[in-house]
Amino acid sequence: MTKAGCKTRKKFIKMLRNALLWRYNSNEIQDIISDYDGFFAAGLEQGKTEAELCSEFGDPEDIAKSLDIELKAKRSFFRYSSNRMISGTAIATAIILILLYYSFRKPFHPSRIYIASVLVVLSGMAIWAAIGGRQYTLHGYAASKGTFRKELLLIPHCILVLITCSILALMRSIVRSNTVYPPFGLDISQTGPFIRDSLYFVLIISLCILFFGMYRCRRCSTLYYSLVLHGIGSAVSILTLLNALKWIHDISQYVKLVNLSMLPWIMSVICSAVFVFNIRTGGRKKSTADGRENHGCSDEKRNP
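Read in order, the letters of the sequence shown correspond to residues 45 to 348 in our numbering.
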């Protein structure tokens, strides 16, 4: 049975669309909605009322969940994304982020190139948030709310960005000062163990987020692969910084290695952003039948 108040075709379609928003991209949603529009038209021709049809179809939320279960059972990562590995949006995004990186590098001294990487990461996340929601036909406040809250996983991504930026700033400040570090009261003899322990702490957080993404991407949305990519980049960067500790008394070499450690991180963010856009913006399906195959549903499954 449908929820109370869902007695018209318009209301049912609206509720179904809302239930599908965070499970499918806009093309797949349109295919499913078109099918149910057809079911309503066929039922009305048989003399049934919209309220009776709504009751027969059931709760739109339950319909969305059942379609989602079929989808997870029948698709793999490679099958689901095979026709989405290259898209105009993804290519444009990668080019924009790379151009931003080289543009941001110019105003900064070579010893502070890492700032450009941080700015590119933040810019990429802003683009991610601005564009991601629209692929699910959301606009304005609804797109921003859903994007930050749920499917684009910006909370764990923000955690990775925060801890990576913080540890870089902390390491550079401690080592370059070569004196007492006021916030922690550390002298130069204490900085080595302190930095090492801080790096291991951040590495553990990065690995926890990485394993969380690996676990969830097997059971839930393939979008968690973006979190896996970002987690790998962050972990590799931290490992590079750990290797740089032997240069802690050679400031020039140390700063060079710190800047180099930003490369795997910035590349992981670009790759994860491109992956999300590829998944979100698959090309329009050639036919409704192709759309049904992609989300593992058939007329018999949908038609009550």
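The beta-carbon is built from N, C-alpha and C at its ideal position, and this holds for glycine as well. As the structure is a prediction and not an experimental result, all values here were calculated from the model.
Through-space distance from residue j to residue i, alpha-carbon basis
i	j	result
F56	C98	7 Å
F255	R240	22 Å
A108	C315	30 Å
E94	Y80	12 Å
L204	L88	53 Å
N287	G257	26 Å
R61	Q74	9 Å
E100	M59	15 Å
F192	L143	Here F192 scores only 46 on pLDDT, less than 50, and its place in the model should not be relied on; the value that follows carries that caveat. In a straight line, the C-alpha of F192 is about 25 Å away from that of L143.
G91	S312	57 Å
D106	K54	18 Å
E96	G82	15 Å
A86	G102	17 Å
C202	S147	23 Å
Y244	H274	18 Å
I248	K300	24 Å
Range of the contiguous alpha helix (DSSP H) that encloses residue i
i	result
C98	E94 to F101
K51	Looking at the DSSP string, K51 is not in any alpha helix (DSSP H), and its letter there is neither H nor E.
Cβ neighbour criterion (16 or more within 10 Å) applied to residue i
i	result
P200	buried
E72	buried
S78	exposed
F84	buried
I139	exposed
S210	exposed
P104	buried
C50	buried
I282	buried
K189	For K189, the pLDDT reaches just 49, beneath the cut-off of 50, and the residue's location in the model is therefore unreliable, although a value from the coordinates is still provided. K189 is exposed by the Cβ-count criterion.
L63	Reading off the sequence shown, one finds Ala at residue 63, where the question assumed Leu. It counts as buried.
L111	buried
I310	buried
I370	Residue coverage of the chain in this structure runs from 45 to 348, which leaves residue 370 outside it and unanswerable.
I76	buried
Cβ-Cβ distance between residue i and residue j below 7 Å
i	j	result
V280	P308	yes
S242	S278	no
I207	V246	yes
L285	S305	yes
C-beta neighbour in chain C for residue i, strict 7 Å
i	result
V246	Absence of chain C from the displayed structure is noted, only one protein chain being present.
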